[in-house]
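Take a look at the structure set out below.
Number of protein chains: 2
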Amino acid sequence: MQDVVEGALATILRFPVKLTVAGRTDAGVHAAGQVAHADVPTAAWIEFSPSLLRRLAGVLPADVRVIAVGPPPVGFDARFAALSRRYAYRVADTTWGVDPLRRRDTLHWPRPLDVDLMRPAAAGLLGEHDFATYCRRRAGATTLRTLLRLDWERDAHGILVARVEADSFCHTMVRSLIGALMDVGAGLRAPSWPSDLLATAMRDPRVTVAPARGLTLVSVAYPDSAALAERVRHTRRRRTARTIGR
Amino acid sequence: MQDVVEGALATILRFPVKLTVAGRTDAGVHAAGQVAHADVPTAAWIEFSPSLLRRLAGVLPADVRVIAVGPPPVGFDARFAALSRRYAYRVADTTWGVDPLRRRDTLHWPRPLDVDLMRPAAAGLLGEHDFATYCRRRAGATTLRTLLRLDWERDAHGILVARVEADSFCHTMVRSLIGALMDVGAGLRAPSWPSDLLATAMRDPRVTVAPARGLTLVSVAYPDSAALAERVRHTRRRRTARTIGR
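So the protein sequences, as listed, match chains A and B. Numbering-wise, the first sequence is residues 507 to 752 according to the numbering used here. Numbering-wise, the second sequence is residues 507 to 752 according to the numbering used here.
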């Protein structure tokens, strides 16, 4: 997705553009609330910004859209200034399948899931932990993360929706957490299982990575403009100890 | 769509099935709340009904799903017992385009539409009228219809959504009404124009038929089971004067 937007911007602005994005997503994961920044010469910004959204809509494929563009506040960095990333995961646990108009962002799980088992299992994962159990290993990268929110509810159409928020996520972390919780909801694992696994502090092959299709990056939270520079410093300091930004 | 479901049922039940559907839709129009009935031998119903939804999900293409099946109340007829059909039409009047995940059921209209002009224009169309202006002509078919609801609002995401309900609709009627109202919203026509056109009582080439993509059959309303038979008689009587059922 990043290279598609970079290509569209280069076509319009007629010079190469390098984007820094807030949340890199795996193939097949949707990004409804992605945020990115780029350095653009002032003259180009003045010339192109009034028509940029319309031009981007004409150049981008229909499955990628830029919703808004603007000059960022001083000190803004799409990746390092972010306070947290919020994701949603949609599951239809119906016999009949998925609403055709939502099938591209909803997983079909053909047996009933018990949300009353999944909620306490999810609550046990909140807080700061080493999430190595749920991360694809990367050399030299810490897997310490703070899980701020992870809850499940059924929406008005009966779709199970997980809301997940953390300061940042390591590789496959959201989908691994969702996979473990769905096994709890299906009665295959006890509600304490997902949090018990944290203690092993290493990738566990019993954890299923839920399919990318159900996952959407919903939004990225930033501090007020006055606090941006301090947030960037804070994140960069922690980066010496771990890889940030997913 | 009808033939796809008939084919899937025939594959599973191993005999031909003829569906009667509540609202026939043009190509490209979505049908989220379609209702249909078929005559099935009791023995086949007893054998297949427990697994029918699961089997249909396995046989049907991903863009067609059967949500529920069951024995209808006595006197039910999906087409002739219907009290009304309800449609929704979704328009994104944004510069940047349409949310990629909703692009298949949302029209992109790249200029702002003024909903305060469209609402009174829509209200002027309510009630029983000869809607010939908004119908594709069919020999021997009356175009008298009762428009029960036609209103516009912006949803939480800023999408303009029209809710349209009538006893039944003649061919292209919903999309022609929507097309006329969008021309009002764009400032190309006065709010009185769509209702003034009714007086001509013949298809007007100035009326644009809005694209099928934005239109969804949302639901079909039926009377209580005690009133089904009378409703079917009522509809069949009127059918001598007009063609029913869209």
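Note that CB positions come from ideal geometry on N, CA and C, so glycine has one too.
Residue i to residue j span [Cα, whole Å]
i: B/A718; j: A/A662; result: 26 Å
i: B/R743; j: A/A716; result: 55 Å
i: A/G720; j: A/D569; result: 16 Å
i: A/P711; j: A/L623; result: 22 Å
i: B/V541; j: B/P616; result: 34 Å
i: A/R571; j: A/L515; result: 12 Å
i: A/A733; j: A/T531; result: 26 Å
i: B/A584; j: A/V670; result: 43 Å
i: A/F554; j: B/H536; result: 38 Å
i: A/L470; j: B/T600; result: Since the first residue shown for chain A is 507 and the last is 752, residue 470 of chain A is missing from the structure and cannot be characterised.
i: B/Q508; j: B/G581; result: 22 Å
i: B/Y728; j: B/E736; result: 12 Å
i: A/Y640; j: B/L607; result: 28 Å
i: A/T678; j: B/R609; result: 27 Å
i: B/T649; j: A/V510; result: 49 Å
i: B/I750; j: B/P577; result: For B/I750, the pLDDT reaches just 44, beneath the cut-off of 50, and the residue's location in the model is therefore unreliable, although a value from the coordinates is still provided. Distance between the alpha carbons of B/I750 and B/P577: 24 Å.
i: B/F586; j: B/V738; result: 5 Å
i: A/F521; j: A/H543; result: 16 Å
i: A/V680; j: A/P700; result: 13 Å
i: A/T548; j: B/L694; result: 38 Å
i: B/T517; j: B/W551; result: 14 Å
i: A/R709; j: A/H740; result: 28 Å
i: A/E512; j: A/P579; result: 21 Å
i: B/A563; j: A/T612; result: 15 Å
i: B/A645; j: B/F637; result: 15 Å
i: B/R643; j: B/I573; result: 34 Å
i: B/V726; j: B/L525; result: 16 Å
i: A/W658; j: A/Y593; result: 12 Å
i: B/R565; j: A/R561; result: The residue you asked about is not Arg; residue 565 of chain B is Val in the sequence shown. Looking at the two C-alpha atoms, the distance is approximately 42 Å.
i: B/V527; j: A/G664; result: 25 Å
i: A/G529; j: B/P567; result: 33 Å
i: A/A588; j: B/A588; result: 53 Å
Neighbourhood of residue i by C-beta distance below 7 Å, restricted to the same chain and skipping five residues each side
i: A/A538; result: T722, L723 and V724
i: B/I684; result: Y595, A668 and A716
i: B/A672; result: S590, R591, R651, T652, L653 and L654
i: A/V575; result: S555, L558 and L559
i: B/A533; result: A718
i: B/D630; result: The residue asked about is misnamed: residue 630 of chain B is Gly in this sequence, not Asp. These residues qualify, in order along the chain: S698, P700 and S701.
i: B/T706; result: T639
i: A/A692; result: R617 and L619
i: B/L771; result: The question about residue 771 of chain B has no answer, for chain B in this structure spans 507 to 752.
Spatial neighbours of residue i in its chain, beta-carbon cut-off 8 Å, leaving aside the 5 residues before and after
i: B/V546; result: L519 and V523
i: B/R660; result: V621, L666 and V667
i: A/M688; result: V597, W615, L619, M624, T714 and A716
Backbone secondary structure at residue i - three-state DSSP
i: A/W658; result: strand
i: A/R609; result: helix
i: B/Y593; result: strand
i: B/R669; result: strand
i: B/I750; result: Confidence in B/I750 is poor, its pLDDT being 44 and thus under 50, which makes the residue's placement too unreliable to answer from.
i: A/A574; result: coil
i: A/R712; result: coil
i: A/R695; result: coil
i: A/R651; result: strand
i: B/H740; result: helix
i: A/T753; result: Since the first and last residues shown for chain A are 507 and 752, residue 753 of chain A lies out of range.
i: B/A732; result: helix
i: B/A537; result: strand
Span of the beta strand (DSSP E) around residue i
i: A/D636; result: G633 to D636
i: A/A727; result: L721 to A727
Residue span of the alpha helix (DSSP H) that contains residue i, given as start and end
i: B/T517; result: Q508 to L519
i: A/T548; result: T548 to F554
i: B/V690; result: M679 to G691
i: B/G581; result: Where B/G581 is concerned, there is no enclosing alpha helix (DSSP H), given that its DSSP letter is neither H nor E.
i: A/M764; result: Because chain A spans 507 through 752 in this model, residue 764 of chain A falls outside it and cannot be assessed.
i: A/S468; result: Residue 468 of chain A lies beyond the stretch modelled for chain A, which goes from 507 to 752, so this question has no answer here.
i: A/L558; result: L558 to V565
Cβ-based neighbour list, residue i, same chain, cut-off 6 Å, excluding 5 preceding and 5 following
i: A/H614; result: A598, G603 and V604
i: A/P697; result: L623, P626, A627 and V690
i: B/A686; result: P700 and V713
i: A/H635; result: L704
i: B/S731; result: P579
i: A/S682; result: Y640, V713 and V715
Min CB distance residue i to chain D below 8 Å
i: B/D509; result: Among the protein chains in the structure shown, which are A and B, there is no chain D.
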